[in-house]
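J.: One structure coming up, written as structure tokens, with questions to follow.
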Amino acid sequence: MLHVVTGADRNHFATPLAQMHRDRKSVFIDRLGWRLPVTDGEFEIDQFDSDAAVYLLATDDQGTHTGSLRLLPTVGPHLLSEVFSDLCDAGVPRGSDIWEITRLCTAPNLADPRSTRQALLLGVVEYALLAGIRRYTCVTHVPYLNAVLAVGWNCAPLGLPREDAGVTVGAIAIDMTPETLSLVRGRTGQTASVLNWDNRRAA
Amino acid sequence: MAFSDVDQFVKSSARLTEMAELKSLLCDAAEALGFNYVALVHHIHFTTPEAAARSVQVVDYPEAWHAVVAERGYFTDDPVLAACQRSAAAFLWSDLPKLLPMTARQTEILETAATCGLAEGFTVPVNVPGEFLGSCSFGLATGRNLAHQALPAAQYIGCFAFEAARRIQELKRLHDCAPRAQPVPRLTQRQFDCIVLAAQGRSDWHIGQLLGIASDTVHQHIETAKRRFGVASRTELVVRALFDSQITFGDILR
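What follows is the structure in structure tokens.
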């Protein structure tokens with residue numbers, strides 16, 4: 073199940089959110105070696121995990137975190153504006169209809185990470201249409217760029233990539249239109265909505 | 160190359176419908192980046208015309224090099240393709256000895272390339288999950304100097320060109336009503352562990368001891384993987400998994 077978790081809903085999702093921060097540490101720090109701060113020795117939490125963040129949080133039948141991503145409004149501080157603004161050639165794109173995607177991850181040791189990734193992909197497009205988001209921005213490692221482009225949606229680079237801590241990173245924008253949802257649903261063979269807004273059915 | 164040129168390339172390539180147009184656009188971009196040659200390829204050695212039709216092959220390399228590759232069968236141990244299995248990050252061909260333990264034949268391949276006029280190059284590996292590995296390589300003619308400052312732009316040109324090629328290929332497939340490419344079967348973590356150990360010559364019993372599972376279970380993992388790949392023997396399974404880059408020589412020989 074894929075939940076929309078806003079700042080006001082955090083208390084309903086305390087357990088899977090804690091698992092999310094633990095899984096983010098395993099994936100980004102332990103496995104990928106990103107230099108990020110660790111909280112209490114087991115959680116990856118940064119300054120953008122604020123009330124402004126909206127999480128798309130996937131859980132299994134037991135309510136355990138299986139994958140997630142973080143959405144931030146670009147009118148406030150976000151990764152691209154605060155850390156990677158030099159990746160944008162013509163300034164950081166900002167606006168109420170532009171949001172940033174960060175911290176996409178699936179739980180380590182999932183038997184089938186593909187279905188979770190697929191749900192997150194469908195969810196992020198659905199959420200855009202429901203929340204009036206016309207464009208996502210994100211910072212990506214260039215080795216992952218083609219996996220993002222291969223979805224077939226409209227992607228534009230925002231500036232030239234550069235080296236950062238041994239890997240090449242770049243900023244891109246992804247346009248969201250009703251056609252994007254048809255495209256992604258067609259590719260995944262999915263017809264129904266994946267997002268769950270009913271927070272009482274949380275873990 | 161300025162960012163505006165990269166942006167223009169992305170916009171232009173997204174509109175193309177013919178591979179020949181993409182080749183021409185990509186050759187111009189390679190030149191603007193300070194390179195002389197370019198190759199946008201899926202790492203697949205064609206055994207059938209169907210396989211060739213499903214893959215991306217946009218190549219502008221010296222004629223002399225094409226002839227040598229075909230004659231000496233260089234494809235299978237090309238060090239550039241081997242490095243793409245190990246490195247997700249883009250690399251210079253002159254850095255290859257740092258990326259992989261070069262065999263005598265691989266050293267010979269690089270030296271031969273230089274004599275054919277391909278002295279140095281920059282390769283951007285392209286990995287789309289569930290598909291064959293690919294890459295975009297930019298080649299430099301012998302005697303020309305590398306423009307290091309162009310490499311970030313070259314990475315983006317390579318990535319976006321590859322996606323444009325995938326899209327054109329898909330259009331063509333729809334137009335020809337050709338069957339969709341079968342996705343490459345993926346190994347589970349356990350199948351991967353068992354195949355790597357089997358490739359090291361270990362018995363089911365020994366593999367089971369190392370992984371803490373029963374030897375029957377090891378047998379089952381390997382049999383399931385053989386069925387998925389449609390191969391009859393363990394040797395074929397190892398070769399096929401190596402070919403698809405699902406296991407690497409580094410995994411086996413470590």
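Line by line, the protein sequences are chains X and E. My numbering applies: residue 73 is where the first sequence begins, and numbers increase by one. My numbering applies: residue 160 is where the second sequence begins, and numbers increase by one. Glycine included, each C-beta is placed from N, C-alpha and C at the ideal position.
#1: Check whether the Cβ of Gln314 (chain E) lies closer than 8 Å to any Cβ atom in chain X.
#2: Looking at C-beta atoms only, is the number of pairs between the stretch 160-168 of chain E and the stretch 238-251 of chain X that lie closer than 8 Å three or more?
#3: Could you give the distance in angstroms between the alpha-carbon of Gly231 (chain X) and the alpha-carbon of Gly224 (chain X)?
#4: Is it the case that the stretch 351-366 of chain E contacts the stretch 307-325 of chain E, given that we only count it when at least three CB pairs across the two stretches are under 8 Å?
#5: Sorted by chain position, which residues of the same chain lie with C-beta nearer than 8 Å to Leu192 (chain E)'s C-beta, five sequence neighbours on each side aside?
#6: For Asn304 (chain E), return the contacting residues in chain X, with the cut-off set at a CB-CB distance below 7 Å.
#7: Let me check understanding here. Comparing Cα to Cα, which of E:Arg332, E:Leu240, E:Asp219 and E:Ala300 lies closest to Ala212 (chain E)?
#8: Pro284 (chain E) and Ser246 (chain E) - do their beta-carbons sit closer together than 8 Å?
#9: So that I know if they touch, is there some Cβ in chain X lying closer than 8 Å to that of Ala247 (chain E)?
#10: I'd like the span of the beta strand (DSSP E) that includes Ile199 (chain X), first residue to last.
#11: Over the uninterrupted alpha helix (DSSP H) stretch that includes Pro238 (chain E), give me the two end residues.
#12: Where does Phe234 (chain E) land, buried or exposed, given buried means 16+ other C-beta within 10 angstroms?
#13: Check the Cβ of Arg234 (chain X) against every Cβ in chain E and list those closer than 8 Å, keeping chain order.
#14: Val281 (chain E) touches chain X at which residues, Cβ-Cβ below 9 Å?
#15: Glu154 (chain X) by DSSP, collapsed to three states: which one?
#16: Taking the beta carbon of Gly167 (chain X) as the centre, do at least 16 other beta carbons fall within 10 Å, making it buried, or is it exposed?
#17: Name, please, each residue of chain X whose Cβ falls closer than 8 Å to the Cβ of Pro221 (chain E).
#18: Beta-carbon of Leu217 (chain X) versus every beta-carbon of chain E: anything under 8 Å?
#19: Taking 8 Å as the cut-off, decide whether the C-beta atoms of Val126 (chain X) and Val76 (chain X) are in contact.
#20: So which residues of chain E does Gly231 (chain X) contact, with C-beta pairs closer than 8 Å?
#21: Would you say Thr111 (chain X) faces chain E, with C-beta separation under 8 Å as the test?
#22: Within 8 Å of any Cβ in chain E, is that where the Cβ of Ala245 (chain X) sits?
#23: Report all residues from its chain with a CB closer than 7 Å to the CB of Ala275 (chain X); omit the five preceding and five following residues, and keep chain order.
#24: In terms of alpha-carbon separation, which member of E:Glu395, E:Gln368 and E:Thr262 lies closest to Glu382 (chain E)?
#25: Which residues does DSSP pair with Trp171 (chain X) in a beta bridge?
T.: The answer reads as follows:
#1: Your numbering for residue 314 (chain E) matches position 155 in the second sequence. So, interface residue.
#2: no
#3: Start at 1 with the first residue of the first sequence, and residue 231 (chain X) comes out as number 159. Start at 1 with the first residue of the first sequence, and residue 224 (chain X) comes out as number 152. Near 20 Å, if we compare the C-alpha coordinates of Gly224 (chain X) and Gly231 (chain X).
#4: no
#5: For this step, residue 192 (chain E) is matched to residue 33 along the second sequence. Closer than 8 Å at the Cβ level, and outside the excluded window around Leu192 (chain E), lie Met160, Phe297, Ala306, Ala309, Ala312, Ala313 and Ile316.
#6: Taking the second sequence and counting its residues from 1, one reaches residue 304 (chain E) at position 145. Chain X residues near Asn304 (chain E): none, gap ~21 Å exceeds 7 Å.
#7: Numbered from 1 along the second sequence, position 53 holds the residue referred to as residue 212 (chain E). Minimum Cα distance to Ala212 (chain E) is reached at E:Arg332.
#8: Here the question's residue 246 (chain E) lines up with position 87 in the second sequence. Here the question's residue 284 (chain E) lines up with position 125 in the second sequence. Yes. Within cutoff.
#9: For the purposes of this step, residue 247 (chain E) is taken as the residue at position 88 of the second sequence. Interface residue, yes.
#10: Residue mapping note: residue 199 (chain X) aligns to position 127 of the first sequence, counting from 1. The sequence as given places Tyr at residue 199 (chain X); Ile does not occur at that position. Run containing Tyr199 (chain X): none in the beta strand (DSSP E); it sits in the alpha helix (DSSP H), Pro185 to Ala203.
#11: Here residue 238 (chain E) refers to the residue found at position 79 of the second sequence. Counting along the chain, the alpha helix (DSSP H) containing Pro238 (chain E) begins and ends at Pro238 to Arg245.
#12: The count along the second sequence starts at 1 and reaches residue 234 (chain E) at position 75. It counts as exposed.
#13: Here residue 234 (chain X) is taken as the residue at index 162 of the first sequence, counted from 1. The contacting residues are Pro311.
#14: The sequence position of residue 281 (chain E) within the second sequence is 122, counting from 1. Before going on, a small fix: residue 281 (chain E) reads as Phe here, not Val. Within 9 Å Cβ-Cβ: nothing; Phe281 (chain E) doesn't reach chain X, min ~12 Å.
#15: Looking up residue 154 (chain X) in the first sequence gives position 82. In this structure, Glu154 (chain X) counts as helix in the three-state DSSP scheme.
#16: As a working mapping, residue 167 (chain X) is identified with position 95 in the first sequence. That one is exposed.
#17: Counted from its first residue, the second sequence places residue 221 (chain E) at position 62. Here the premise fails: no neighbours, minimum Cβ distance about 27 Å.
#18: Here the question's residue 217 (chain X) lines up with position 145 in the first sequence. Yes, its Cβ sits closer than 8 Å to a Cβ of chain E.
#19: Sequence index remark: in the first sequence, residue 126 (chain X) carries index 54 (1-based). Sequence index remark: in the first sequence, residue 76 (chain X) carries index 4 (1-based). Yes, these two residues count as a Cβ contact at 8 Å.
#20: Here the question's residue 231 (chain X) lines up with position 159 in the first sequence. Under the 8 Å cutoff, chain E gives Phe162.
#21: Counting from 1 along the first sequence, the entry for residue 111 (chain X) is found at position 39. Not one chain E Cβ lies under 8 Å of Thr111 (chain X).
#22: Against the first sequence, residue 245 (chain X) aligns to sequence position 173. Answer no: the Cβ-Cβ gap between Ala245 (chain X) and chain E never drops below 8 Å.
#23: Against the first sequence, residue 275 (chain X) aligns to sequence position 203. For Ala275 (chain X), the predicted structure reports a pLDDT of 47, less than 50, and the residue's modelled location is therefore unreliable. A value from the coordinates is still provided. Cβ within range, chain order: Phe85, Thr87, Pro88, Thr131 and Gly135.
#24: Translated into the one-based positions of the second sequence, residue 382 (chain E) becomes position 223. When only C-alpha atoms are compared, the closest one is E:Glu395.
#25: Here residue 171 (chain X) refers to the residue found at position 99 of the first sequence. Paired residue(s): X:Pro145 and X:Tyr208.
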